[in-house]
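Step one of this worksheet: look at the structure below.
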Amino acid sequence: MNEKGMTILEMMIVITILAVVVGAAITFLIFSNRQYSWIDTNARIQKELRGALQEMTIDIKEARMVCDGSVANKLILSLPNMDTNGAIIDYDTIVYEPSPTDTSNLRMTLTQGTGSSRHGWGKKIQSGNPSYWLLTVGLVNSGLIDSPSLFAYNDTPTTEISEVTVTLKSRRHASLGKYQEGMLSTNIRLRNKRE
Numbered sequence: 001m002n003e004k005g006m007t008i009l010e011m012m013i014v015i016t017i018l019a020v021v022v023g024a025a026i027t028f029l030i031f032s033n034r035q036y037s038w039i040d041t042n043a044r045i046q047k048e049l050r051g052a053l054q055e056m057t058i059d060i061k062e063a064r065m066v067c068d069g070s071v072a073n074k075l076i077l078s079l080p081n082m083d084t085n086g087a088i089i090d091y092d093t094i095v096y097e098p099s100p101t102d103t104s105n106l107r108m109t110l111t112q113g114t115g116s117s118r119h120g121w122g123k124k125i126q127s128g129n130p131s132y133w134l135l136t137v138g139l140v141n142s143g144l145i146d147s148p149s150l151f152a153y154n155d156t157p158t159t160e161i162s163e164v165t166v167t168l169k170s171r172r173h174a175s176l177g178k179y180q181e182g183m184l185s186t187n188i189r190l191r192n193k194r195e
């Protein structure tokens, strides 16, 4: 008898091979998704931290002075407010600090001087004078013992400070209970420092 068809043994071999191939494909897809999520989270963290550092660098370089250098997680800057002729008519004050309601959020407070046209950056969370702006979320160095402080200064007396080191460290959920951390740090000189 020459019947066409498969025996049970042949069927089991085919099912086993198919199960191995499908299992390998699913494992590959899960691993690829985890890797993509990990890389994507890292890229988002770095982009957000870089953007915050770029904007802070502009303000720090423009600052006339650091108003208080005694708090490691708070930076208070005095920036000149100029009229159309370039004359300084008043000063704006910018404060960078963790939000009081959620210390993992970095907030900017802008208090405008007379006739100021300066505006904040980031996500505006309150209008008026002062105005509040959310700069970045997920900070982990705004109060933890083992983390670097947000701001460090080159000299102890506030009047002597001419350089600020800004360190932003952020942590985000990547996938399946894993977290991705990113950290950027830079030294910035106050170009408009007045002795």
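FYI, the numbering for the sequence shown is 1 to 195, going by my numbering. The C-beta atom is built at its ideal place from N, Cα and C for all residues, glycine as well. Predicted model only: the values in this text are computed from it and were never measured.
- DSSP assignment within the stretch 63 to 125 yields the following whole beta strand (DSSP E) runs of 3 residues or more, N-terminal first: 65 to 68, 75 to 82, 88 to 98, 106 to 111.
- In the DSSP assignment, MET183 is bridged to LYS169.
- An exposed status is given to ASP102, since fewer than 16 other beta-carbon atoms sit within 10 Å of its beta-carbon.
- The beta carbon of ILE76 is closer than 7 Å to those of VAL66, CYS67, ASP68, THR93, VAL95 in its chain, skipping five residues each way along the sequence.
- When C-alpha distances from LEU134 are compared across ILE17, MET56, SER37, LEU184, the shortest belongs to MET56.
- A direct Cα-Cα distance of roughly 10 Å separates VAL140 from SER149.
- Around the CB of THR159, fewer than 16 other CB atoms lie within 10 Å, so the residue is classed as exposed.
- Cβ atoms of VAL166 and THR136 stay farther apart than 8 Å, at about 12 Å.
- The Cβ atoms of THR114 and PRO130 lie no closer than 7 Å to each other.
- Residue environment analysis places GLU10 among the exposed positions, since fewer than 16 neighbouring C-beta atoms fall within 10 angstroms of its C-beta.
- In this structure, GLU163 sits away from ARG191, with a CB-CB distance that is not shorter than 7 Å.
- Annotation: LEU150 is outside any beta strand (DSSP E) and is labelled neither H nor E by DSSP.
- Rounded to whole angstroms, LYS47 and ASP40 show a C-alpha spacing of 10 Å.
- Taking a contact as a CB-CB distance under 8 Å, the pair SER70 and TYR91 does not count as one, their CB atoms being some 20 Å apart.
- Taking the Cα positions, ASN81 is about 6 Å away from SER116.
- Taking GLU62 as reference, the option from ALA43, ARG118, GLY128, SER147 with the minimal CA-CA separation is ARG118.
- The C-beta of PHE28 has fewer than 16 other C-beta atoms within 10 Å across all chains shown, which makes the residue exposed.
- Taken through DSSP and simplified to helix, strand or coil, ILE161 comes out as coil.
- Shown here for SER99: same chain residues with a beta carbon closer than 6 Å to its own, the five before and five after excluded, namely ASN105, ARG107 in chain order.
- Inter-residue distance for GLN180 and ASN33 is about 15 Å (C-alpha atoms, whole angstroms).
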